[in-house]
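*Asks:*
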Amino acid sequence: MKPAATQTKQAGFTLLELMVSVAIFVVISGTMFGLLGLSQKRYQTESQLLDTFQEARLGLDQIVRDVSNSGFPPANHFTVLPAVGSYTQSPVAWSPNYPLVACQVGVTCITPGPFDVILEEDYDGSGVVRWVRYQLVGTTLMRGVAPKVAGGDPAVVTGAVMFPYVLNVMNNGTPAQIGAIIASYPAMFPAGNPIPLFTYTLFDNPLGAAGCAAAVNSPCNVRDIGVTLIVQSPQRDAQNRMLRLVELNGRGHRMNPNK
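The sequence shown begins at 588 in the numbering used here and counts up by one.
Written out as C-alpha coordinates, the structure reads:
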(Lines of atoms letter the chains of each structure in order from A; the text may use other names.)
(Lines give C-alpha, C1' and ligand atoms only; values in the text may rest on other atoms or scores of the structure.)
Protein backbone atom coordinates (compact mmCIF):
# COMPACT_ATOMS: atom_id res chain seq x y z
CA MET A 588 0.00 0.00 0.00
CA LYS A 589 1.16 3.51 -0.81
CA PRO A 590 1.30 6.01 2.06
CA ALA A 591 -1.38 8.73 2.06
CA ALA A 592 -0.36 12.07 0.50
CA THR A 593 0.56 14.76 2.97
CA GLN A 594 -1.70 17.85 2.72
CA THR A 595 -0.17 21.30 3.36
CA LYS A 596 -2.40 23.74 5.22
CA GLN A 597 -2.08 27.33 3.85
CA ALA A 598 -2.62 30.08 6.41
CA GLY A 599 -4.72 33.14 5.39
CA PHE A 600 -5.86 36.47 6.90
CA THR A 601 -8.71 36.37 9.30
CA LEU A 602 -11.61 38.78 8.95
CA LEU A 603 -10.41 40.68 12.01
CA GLU A 604 -6.93 41.15 10.52
CA LEU A 605 -8.39 42.43 7.26
CA MET A 606 -10.61 44.92 9.11
CA VAL A 607 -7.64 46.19 11.15
CA SER A 608 -5.51 46.57 8.00
CA VAL A 609 -8.25 48.48 6.20
CA ALA A 610 -8.74 50.74 9.22
CA ILE A 611 -5.02 51.55 9.40
CA PHE A 612 -4.95 52.26 5.64
CA VAL A 613 -7.95 54.57 5.93
CA VAL A 614 -6.37 56.49 8.83
CA ILE A 615 -3.05 56.89 7.02
CA SER A 616 -4.75 57.90 3.75
CA GLY A 617 -7.00 60.39 5.55
CA THR A 618 -4.00 61.94 7.29
CA MET A 619 -2.09 62.23 4.03
CA PHE A 620 -4.98 63.80 2.17
CA GLY A 621 -5.63 66.15 5.10
CA LEU A 622 -2.02 67.34 5.04
CA LEU A 623 -2.17 67.66 1.26
CA GLY A 624 -5.35 69.76 1.46
CA LEU A 625 -3.84 71.97 4.17
CA SER A 626 -0.69 72.43 2.09
CA GLN A 627 -2.77 73.45 -0.92
CA LYS A 628 -4.73 75.98 1.14
CA ARG A 629 -1.52 77.31 2.64
CA TYR A 630 0.05 77.63 -0.80
CA GLN A 631 -3.04 79.47 -2.07
CA THR A 632 -3.10 81.99 0.79
CA GLU A 633 0.67 82.56 0.60
CA SER A 634 0.42 83.07 -3.15
CA GLN A 635 -2.37 85.60 -2.66
CA LEU A 636 -0.35 87.42 0.01
CA LEU A 637 2.63 87.54 -2.34
CA ASP A 638 0.42 88.86 -5.16
CA THR A 639 -0.99 91.47 -2.77
CA PHE A 640 2.52 92.54 -1.74
CA GLN A 641 3.71 92.79 -5.34
CA GLU A 642 0.66 94.83 -6.38
CA ALA A 643 1.13 97.16 -3.43
CA ARG A 644 4.87 97.51 -4.12
CA LEU A 645 4.30 98.40 -7.76
CA GLY A 646 1.65 100.93 -6.79
CA LEU A 647 3.86 102.50 -4.13
CA ASP A 648 6.85 102.71 -6.46
CA GLN A 649 4.77 104.48 -9.13
CA ILE A 650 3.41 107.01 -6.65
CA VAL A 651 6.92 107.80 -5.37
CA ARG A 652 8.20 108.22 -8.93
CA ASP A 653 5.36 110.58 -9.79
CA VAL A 654 6.02 112.67 -6.68
CA SER A 655 9.72 112.87 -7.50
CA ASN A 656 8.95 113.94 -11.09
CA SER A 657 6.35 116.51 -10.10
CA GLY A 658 6.94 120.16 -10.92
CA PHE A 659 8.80 119.54 -14.19
CA PRO A 660 9.32 121.71 -16.12
CA PRO A 661 8.93 124.74 -13.83
CA ALA A 662 8.44 128.29 -15.05
CA ASN A 663 12.10 129.16 -14.44
CA HIS A 664 13.10 126.82 -17.30
CA PHE A 665 11.77 129.31 -19.83
CA THR A 666 12.85 132.80 -20.85
CA VAL A 667 9.41 133.37 -22.30
CA LEU A 668 6.60 131.28 -20.85
CA PRO A 669 4.97 128.98 -23.42
CA ALA A 670 1.36 127.84 -23.34
CA VAL A 671 0.03 126.93 -19.89
CA GLY A 672 0.03 123.23 -20.72
CA SER A 673 3.76 123.24 -21.42
CA TYR A 674 5.03 124.14 -17.94
CA THR A 675 3.98 123.38 -14.39
CA GLN A 676 2.17 125.90 -12.27
CA SER A 677 3.01 123.92 -9.14
CA PRO A 678 4.29 120.41 -8.39
CA VAL A 679 1.08 119.70 -6.48
CA ALA A 680 -2.15 120.92 -8.04
CA TRP A 681 -5.13 121.71 -5.87
CA SER A 682 -8.87 122.08 -5.74
CA PRO A 683 -10.83 124.26 -5.37
CA ASN A 684 -9.86 127.57 -7.01
CA TYR A 685 -6.87 126.34 -9.03
CA PRO A 686 -4.87 128.27 -10.16
CA LEU A 687 -6.20 131.62 -8.93
CA VAL A 688 -6.16 131.11 -5.18
CA ALA A 689 -4.18 128.43 -3.36
CA CYS A 690 -6.06 126.52 -0.69
CA GLN A 691 -4.49 125.56 2.63
CA VAL A 692 -3.30 121.96 2.99
CA GLY A 693 -5.28 120.20 5.70
CA VAL A 694 -7.67 123.16 6.10
CA THR A 695 -9.45 124.31 2.94
CA CYS A 696 -8.04 121.97 0.29
CA ILE A 697 -10.26 119.25 -1.12
CA THR A 698 -7.07 117.98 -2.68
CA PRO A 699 -4.30 117.57 -1.67
CA GLY A 700 -5.66 115.67 1.30
CA PRO A 701 -4.91 112.51 3.30
CA PHE A 702 -6.47 110.26 0.64
CA ASP A 703 -6.36 112.39 -2.51
CA VAL A 704 -3.48 114.09 -4.31
CA ILE A 705 -2.99 115.58 -7.79
CA LEU A 706 0.53 115.95 -9.16
CA GLU A 707 1.47 118.21 -12.05
CA GLU A 708 4.29 117.09 -14.34
CA ASP A 709 5.62 116.30 -17.77
CA TYR A 710 6.66 112.80 -16.68
CA ASP A 711 7.73 111.52 -20.11
CA GLY A 712 9.39 114.67 -21.51
CA SER A 713 6.81 114.97 -24.28
CA GLY A 714 6.29 118.69 -23.76
CA VAL A 715 2.76 118.08 -22.46
CA VAL A 716 2.15 118.68 -18.77
CA ARG A 717 -0.34 116.27 -17.22
CA TRP A 718 -2.26 116.01 -14.00
CA VAL A 719 -1.68 112.66 -12.28
CA ARG A 720 -4.20 111.93 -9.57
CA TYR A 721 -4.35 109.27 -6.86
CA GLN A 722 -7.60 109.01 -4.93
CA LEU A 723 -8.74 106.40 -2.42
CA VAL A 724 -12.41 105.56 -2.99
CA GLY A 725 -13.64 103.08 -0.42
CA THR A 726 -10.98 100.37 -0.51
CA THR A 727 -9.85 101.01 -4.10
CA LEU A 728 -6.96 103.32 -4.90
CA MET A 729 -7.85 105.04 -8.17
CA ARG A 730 -5.40 106.62 -10.61
CA GLY A 731 -6.07 109.03 -13.44
CA VAL A 732 -3.91 110.96 -15.90
CA ALA A 733 -5.18 113.88 -17.99
CA PRO A 734 -3.52 116.76 -19.90
CA LYS A 735 -3.42 120.01 -17.98
CA VAL A 736 -6.25 122.34 -19.00
CA ALA A 737 -5.74 126.10 -18.78
CA GLY A 738 -8.15 127.48 -16.20
CA GLY A 739 -9.55 124.02 -15.49
CA ASP A 740 -10.17 122.41 -12.11
CA PRO A 741 -7.71 119.49 -11.76
CA ALA A 742 -10.18 117.51 -9.64
CA VAL A 743 -12.90 117.79 -12.28
CA VAL A 744 -10.61 117.04 -15.24
CA THR A 745 -8.98 113.99 -13.65
CA GLY A 746 -12.25 112.81 -12.10
CA ALA A 747 -13.47 111.83 -15.57
CA VAL A 748 -10.56 109.46 -16.25
CA MET A 749 -10.01 107.64 -12.95
CA PHE A 750 -9.60 103.85 -12.98
CA PRO A 751 -8.87 101.18 -10.31
CA TYR A 752 -5.16 100.94 -9.57
CA VAL A 753 -4.65 99.05 -6.29
CA LEU A 754 -7.43 96.98 -4.70
CA ASN A 755 -8.22 96.21 -1.05
CA VAL A 756 -6.51 99.31 0.32
CA MET A 757 -7.66 99.53 3.94
CA ASN A 758 -6.23 102.90 5.06
CA ASN A 759 -9.69 104.46 5.26
CA GLY A 760 -11.80 101.36 5.88
CA THR A 761 -15.13 101.41 7.65
CA PRO A 762 -15.15 101.15 11.48
CA ALA A 763 -16.18 97.49 11.14
CA GLN A 764 -13.32 96.75 8.74
CA ILE A 765 -10.78 98.55 10.93
CA GLY A 766 -12.11 96.70 13.99
CA ALA A 767 -11.63 93.35 12.26
CA ILE A 768 -8.07 94.30 11.32
CA ILE A 769 -7.23 95.40 14.86
CA ALA A 770 -8.30 91.95 16.08
CA SER A 771 -5.46 90.49 14.01
CA TYR A 772 -3.05 93.45 14.08
CA PRO A 773 -3.64 95.39 17.34
CA ALA A 774 -1.01 98.06 16.63
CA MET A 775 -1.88 98.80 13.01
CA PHE A 776 -4.64 101.42 13.53
CA PRO A 777 -3.90 103.45 16.69
CA ALA A 778 -7.13 104.34 18.50
CA GLY A 779 -9.05 102.78 15.62
CA ASN A 780 -8.48 105.80 13.39
CA PRO A 781 -7.87 105.67 9.62
CA ILE A 782 -4.25 105.93 8.48
CA PRO A 783 -3.59 108.75 5.96
CA LEU A 784 -2.45 107.45 2.62
CA PHE A 785 -0.61 110.72 1.95
CA THR A 786 1.19 112.98 4.42
CA TYR A 787 2.80 116.26 3.42
CA THR A 788 6.00 118.03 4.46
CA LEU A 789 6.10 121.70 3.48
CA PHE A 790 8.94 124.19 3.21
CA ASP A 791 9.55 126.14 6.41
CA ASN A 792 10.11 129.32 4.39
CA PRO A 793 7.36 129.82 1.82
CA LEU A 794 8.78 130.14 -1.68
CA GLY A 795 5.65 130.79 -3.62
CA ALA A 796 5.19 130.09 -7.31
CA ALA A 797 3.45 131.64 -10.28
CA GLY A 798 -0.20 131.95 -9.30
CA CYS A 799 0.34 130.36 -5.89
CA ALA A 800 0.19 132.35 -2.68
CA ALA A 801 3.44 132.39 -0.73
CA ALA A 802 2.00 130.79 2.40
CA VAL A 803 3.65 127.96 4.30
CA ASN A 804 0.69 125.61 3.93
CA SER A 805 0.05 126.27 0.24
CA PRO A 806 0.15 123.16 -1.98
CA CYS A 807 2.90 124.71 -4.10
CA ASN A 808 5.17 124.57 -1.05
CA VAL A 809 4.87 120.83 -0.54
CA ARG A 810 8.41 119.45 -0.36
CA ASP A 811 7.89 115.75 0.36
CA ILE A 812 4.94 113.38 0.27
CA GLY A 813 4.97 110.35 2.54
CA VAL A 814 2.99 107.33 1.37
CA THR A 815 1.57 104.60 3.63
CA LEU A 816 -0.18 101.79 1.80
CA ILE A 817 -2.07 99.13 3.79
CA VAL A 818 -3.39 96.37 1.54
CA GLN A 819 -5.39 93.32 2.60
CA SER A 820 -5.14 89.89 0.99
CA PRO A 821 -8.47 88.60 -0.43
CA GLN A 822 -8.52 85.52 1.84
CA ARG A 823 -7.77 84.85 5.50
CA ASP A 824 -4.92 82.66 6.69
CA ALA A 825 -5.73 79.00 6.02
CA GLN A 826 -4.61 77.86 9.49
CA ASN A 827 -5.61 80.52 12.00
CA ARG A 828 -8.26 82.35 9.92
CA MET A 829 -6.60 85.70 10.62
CA LEU A 830 -6.68 88.54 8.12
CA ARG A 831 -3.52 88.94 6.06
CA LEU A 832 -2.25 92.47 5.40
CA VAL A 833 0.89 94.17 4.18
CA GLU A 834 1.93 97.72 5.07
CA LEU A 835 4.37 99.54 2.81
CA ASN A 836 5.88 102.96 3.35
CA GLY A 837 7.64 105.30 0.96
CA ARG A 838 8.49 108.96 0.47
CA GLY A 839 8.63 111.00 -2.68
CA HIS A 840 10.83 114.09 -2.79
CA ARG A 841 10.14 116.65 -5.48
CA MET A 842 13.26 117.56 -7.40
CA ASN A 843 12.17 120.92 -8.85
CA PRO A 844 12.15 124.15 -6.84
CA ASN A 845 9.33 126.67 -6.94
CA LYS A 846 11.50 129.35 -8.47
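Don't be surprised by glycine CBs; every beta carbon is placed ideally from N, CA and C.
#1: Taking one C-beta from the segment 753–771 and one from the segment 732–743 each time, how about it: are there three or more such pairs within less than 8 Å?
#2: Which residue's Cα is closest to the Cα of residue 779: 790, 664, 765, 718?
#3: Distance check for residue 811 and residue 791, CA to CA, integer angstroms please.
#4: Can you tell me whether residue 709 is buried or exposed? The criterion is at least 16 other CB atoms within 10 Å of its CB, across all chains shown.
#5: Mark residue 611 as exposed unless 16 or more other C-beta atoms lie within 10 angstroms of its C-beta, in which case mark it buried.
#6: Could you tell me whether the segment 834–843 touches the segment 641–656, using the rule of 3 or more Cβ pairs below 8 Å?
#7: CA-CA distance, residue 727 and residue 789?
#8: Evaluate contact between the segment 746–753 and the segment 690–710, counting only Cβ atoms and requiring at least three cross-stretch pairs below 8 Å.
#9: How about residue 735 and residue 717: do their beta carbons lie closer than 8 Å?
#10: In angstroms with no decimal places, state the Cα-to-Cα distance between residue 826 and residue 614.
#11: Rounded to whole angstroms, what's the CA-CA distance from residue 664 to residue 674? Just pull it up for me.
#12: Output the distance between the C-alpha atoms of residue 676 and residue 683, rounded to the nearest integer angstrom.
#13: Please tell me whether residue 655 and residue 841 are closer than 8 Å, where the distance is taken between their beta carbons.
#14: Give the range of the alpha helix (DSSP H) segment to which residue 744 is assigned.
#15: Which word fits residue 818, buried or exposed, when buried means at least 16 other C-beta atoms lie within 10 angstroms of its C-beta?
#16: In the DSSP assignment, find the unbroken beta strand (DSSP E) run with residue 733 in it and report its ends.
#17: State the Cα-Cα distance for the pair residue 701 and residue 785, rounded to the nearest angstrom.
#18: Helix, strand or coil: which one does DSSP assign to residue 682?
#19: How many whole angstroms separate the CB atoms of residue 692 and residue 781, which I take to be in contact at a CB cut-off of 8 Å?
#20: Which of the three DSSP states, helix, strand or coil, is assigned to residue 653?
#21: Among 816, 775, 768, which residue has its Cα nearest to the Cα of residue 829?
#22: Taking the alpha carbon of residue 660 as the reference point, which residue from 705, 711, 617 has its own alpha carbon closest?
*Replies:* This is what the structure gives:
#1: Judged by Cβ distances under 8 Å, the segment 753–771 makes no contact with the segment 732–743, as fewer than three pairs qualify.
#2: Considering only alpha carbons, the answer is 765.
#3: One C-alpha to the other measures close to 12 Å.
#4: Residue 709 comes out buried.
#5: Residue 611 is exposed by the Cβ-count criterion.
#6: Between the segment 834–843 and the segment 641–656, the count of Cβ pairs shorter than 8 Å is three or higher; the stretches touch.
#7: In this model, residue 727 and residue 789 are separated by some 27 Å (Cα to Cα).
#8: The segment 746–753 makes no contact with the segment 690–710: fewer than 3 CB pairs, one atom from each, lie closer than 8 Å.
#9: Remark: C-beta atoms of residue 735 and residue 717 approach each other more closely than 8 Å.
#10: The straight-line gap from Cα to Cα measures roughly 21 Å.
#11: Taking the straight line joining both Cα atoms gives about 9 Å.
#12: Distance from the CA of residue 676 to the CA of residue 683, rounded to the nearest whole angstrom, comes to 15 Å.
#13: Yes, Cβ-Cβ distance for residue 655 and residue 841 is below 8 Å.
#14: In the DSSP assignment, residue 744 falls within the unbroken alpha helix (DSSP H) covering 741–746.
#15: Per the 10 Å Cβ criterion, buried.
#16: Element bounds for residue 733: 727–734.
#17: For residue 701 and residue 785, the distance between alpha carbons rounds to 5 Å.
#18: DSSP places residue 682 within a strand segment (E or B) once states are collapsed to three.
#19: In fact, because the Cβ distance is near 18 Å, the residues do not count as touching under 8 Å.
#20: Under the three-state reduction of DSSP output, residue 653 falls in the helix class.
#21: If we check each option's Cα against that of residue 829, 768 comes out closest.
#22: The shortest C-alpha separation from residue 660 is found at 711.
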